[in-house]
Amino acid sequence: MSSTNRNLIGGRWVEARSGRTFTSVSPANHDDVVGEFAASSAEDVQAGVEAARAAFPGWSLLPAPKRGEILFRIARLLAEHKEELARLMTREMGKVLAEARGDVQEAIDVAYYMAGEGRRLSGQTVPSEMPDKFAMSVRRPIGVAGIITPWNFPVAIPAWKLFPALICGNTVVMKPATDTPACMARFVELLIEGGLPDGVVNLITGSGGEVGDAIVAHPDIRLISFTGHTDTGVEISRRAAATLKRVSLELGGKNPIVIWEDADLQLALDSVVWSSFGTAGQRCTAASRLIVHRRIHDEFVEALRTRVAALVLGDGLDELTDVGPVINDRAVERIASYAAIGRNEAELVIGGEPARDGKLAKGSFFQPTIFANARPDARIAQEEIFGPVTTVVPVDDWQQTVEIVNSVKYGLSSSLFTRDVNLAFRSIRDFDTGLGYVNHGTIGAEAHLPFGGTKATGNGHREVGQAALDFFSEWKSVYVDYSGRLQRAQIDTTFVDQG
Ligand code: NAP
333 MSSTNRNLIG GRWVEARSGR TFTSVSPANH DDVVGEFAAS SAEDVQAGVE
383 AARAAFPGWS LLPAPKRGEI LFRIARLLAE HKEELARLMT REMGKVLAEA
433 RGDVQEAIDV AYYMAGEGRR LSGQTVPSEM PDKFAMSVRR PIGVAGIITP
483 WNFPVAIPAW KLFPALICGN TVVMKPATDT PACMARFVEL LIEGGLPDGV
533 VNLITGSGGE VGDAIVAHPD IRLISFTGHT DTGVEISRRA AATLKRVSLE
583 LGGKNPIVIW EDADLQLALD SVVWSSFGTA GQRCTAASRL IVHRRIHDEF
633 VEALRTRVAA LVLGDGLDEL TDVGPVINDR AVERIASYAA IGRNEAELVI
683 GGEPARDGKL AKGSFFQPTI FANARPDARI AQEEIFGPVT TVVPVDDWQQ
733 TVEIVNSVKY GLSSSLFTRD VNLAFRSIRD FDTGLGYVNH GTIGAEAHLP
783 FGGTKATGNG HREVGQAALD FFSEWKSVYV DYSGRLQRAQ IDTTFVDQG
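Numbering (this note's numbering), first residue to last: 333 to 831.
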């Protein structure tokens, strides 16, 4: 193990107490071992939490603009190392290089945005109902935050959580997904190089069952920010309730693109290919349902089939590749099982099989797949598949469209292609999702707007933007009475007309 493949606890790179390790391999070629990492357990989490607790007083009392200056330095370092991080990400996680660069860019954007927050972190100043009394609210740091992240955005998602946590004055214990520890280890190394004091961020690698669970259960961790599968989120929420933690959950999606009969079809096709097959469909915001007006259904499906047939599957490091591997062979099996279900539920237009020919033989690849003429209640139109599979559902009228959009258990992203401004605004009002797009696919969120979803996509919190500050800080309402006498709120109502 190199030093950075160990845990980072209190500013020192250390092996797991047990001495156990696990390996991370490239999904494009399983013979390519990216690294060996500490297989940690509750003992290591305990050490990480102690380090984070020890660092909390110093970090939380450092003026927020000074914390921001460190984040500015980190943002610049991430920008300098963007290409290196992106290449590591493509190798370890599989997404094509252009998307890996985008993933790192999101981290840079959030770092700059949250660095700027160091000079704001605004509360409210409001008039008091009593004379000679001052009223305001201020944000306070909370304590040690536990951050648990998935593999599909191995730098962006940790950054979305980490930078708001830090600017608000919290210290952190972070766990990456078992499939992508190298990305987080390199990211954390740059944080340290950027000047984060020892113990402010602690990295513990290892499994969800051991490390994740220990973070969730630890009584000194006051808040958990988690992104991952809905079932995992529900379990975390249940476990965290025992210690009354604040929990933010960003979970699954089954995101629709609605293509109305008056849509610009070429634009819709470009957007569907990008939203459904980008990151091999492994985005929480991936367009895995296409709700298409019946009058254009067949024409649209044929045009999409032609576009998808031309997609090049391969190693994301090859600039000619359009669609990279999925994360591992378990994912291939899961996607294949949904493809088998889909064959009984709808018309298979293209794909439907794992891809194992030639250069793909050593990796985890699945053919880009389209199902058409599906019923809205088909399993492939309802359940998150998390692979390069999309399902076309024909629709006849607007009312039915709204019902179908809202018929799934998730509510992350939705999109409508139309030239009708009235429908555009109706979609914004009526589609029950946290993100809504018009004439743009379901992916492409920006760092300064709230990110998250409704229903089984989460528990009501939002990431990034100003909204993230509300999760990572505690409100304190402050009253300063300079009247020099007892003033009883709600009782001394001298100034109110009680007529
Ligand atoms: P996952 O299996 O739920 O894992 C996510 C993280 O949780 C990993 O670090 C995992 O560790 C850890 N974990 C697993 N079991 C745990 C437990 N019992 N206690 C604590 N931590 C535990 O999800 P995934 O497969 O990595 O990610 C795919 C899912 O994430 C999809 O459903 C996708 O929609 C969702 N997602 C949502 C958003 C959003 O913002 N809404 C964004 C991206 C992804 P191991 O890796 O060791 O198992």
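By construction, the Cβ of each residue, glycine as well, lies at the ideal position given by its N, Cα and C atoms.
Three-state secondary structure (DSSP) at residue i?
i: P551; result: coil
i: L748; result: strand
i: V346; result: strand
i: L394; result: coil
i: E415; result: helix
i: P508; result: coil
i: V436; result: helix
i: G768; result: strand
i: V428; result: coil
i: P389; result: helix
i: R621; result: strand
i: T789; result: coil
i: H362; result: strand
i: Q598; result: helix
i: I775; result: coil
i: C513; result: Strictly speaking, residue 513 in this sequence is Pro, with Cys absent from that position. Reduced to three states, the DSSP call for P513 is helix.
i: N738; result: coil
i: V520; result: helix
i: V644; result: coil
i: E795; result: strand
i: R639; result: helix
i: R817; result: coil
i: W592; result: coil
i: S603; result: helix
i: S373; result: coil
i: Q378; result: helix
i: V528; result: Note that residue 528 corresponds to Leu in the displayed sequence, not to Val. Correct three-state label for L528: coil.
So, residue i versus residue j, is the Cβ gap smaller than 9 Å?
i: I836; j: L340; result: No statement about residue 836 is possible, as the shown extent of the chain runs from 333 to 831 and does not include it.
i: P649; j: R423; result: Per the sequence shown, residue 649 should be read as Leu rather than Pro. Cβ distance < 9 Å, so L649 and R423 count as in contact.
i: A517; j: N337; result: yes
i: F485; j: R666; result: no
i: A290; j: F369; result: Given that the chain is displayed from residue 333 to residue 831, the structure contains no residue 290 and the question cannot be resolved.
i: I591; j: F763; result: no
i: E806; j: W492; result: no
i: V532; j: L555; result: no
i: V658; j: A612; result: yes
i: S372; j: V366; result: no
i: G719; j: S747; result: no
i: D530; j: G342; result: yes
i: V377; j: I547; result: yes
i: R639; j: V605; result: yes
i: P708; j: S739; result: yes
i: V737; j: T765; result: yes
i: P726; j: H629; result: yes
Nearest by alpha-carbon distance to residue i: which of the options is it?
i: T617; options: S603, L818, R662; result: S603
i: P459; options: V810, T733, R817; result: V810
i: A678; options: A704, P700, V737, S669; result: A704
i: H625; options: P782, V734, T701; result: V734
i: D752; options: Q822, E593, G478, G785; result: E593
i: A443; options: G743, L403, A672; result: L403
i: G478; options: T512, Y445, T537, D435; result: T537
i: R399; options: M421, T503, Q732; result: T503
i: F803; options: R675, E438, P473, E778; result: P473
i: S580; options: S745, A706, A595, T562; result: T562
i: D545; options: I775, A374, I760, R758; result: A374
i: G784; options: Q732, S469, G743, I673; result: G743
i: A800; options: V812, N771, P782, T786; result: P782
What residues are listed by DSSP as bridge partners for residue i?
i: E368; result: T355
i: S805; result: Per DSSP, none; premise fails for S805.
i: D824; result: Note: D824 sits in no beta bridge, so no partner.
i: I667; result: Answer is none; I667 lacks a bridge partner.
i: V812; result: F466
i: N502; result: DSSP lists no partner for N502.
i: G743; result: T786
i: N339; result: V346
i: Q731; result: DSSP lists no partner for Q731.
i: P726; result: V624
i: Q456; result: S469
Any heavy atom of ligand 2 inside 8 Å of the beta-carbon of residue i?
i: S696; result: Here the bound small molecules are ligand 1; ligand 2 is not part of this structure.
Self-check item: Segments of 4+ residues assigned as alpha helix (DSSP H) that fall wholly inside the segment 533-590
Solution: 545-549, 562-573
Practice problem: Mind listing, in chain order, the continuous beta strand (DSSP E) runs of no fewer than 3 residues lying wholly within the segment 458-498? | Solution: 465-472, 476-480
Exercise. Could you tell me which uninterrupted alpha helix (DSSP H) segments, each at least 4 residues in length, are contained entirely in the segment 647-721, listed from first to last along the chain?
Key: 661-677, 711-714
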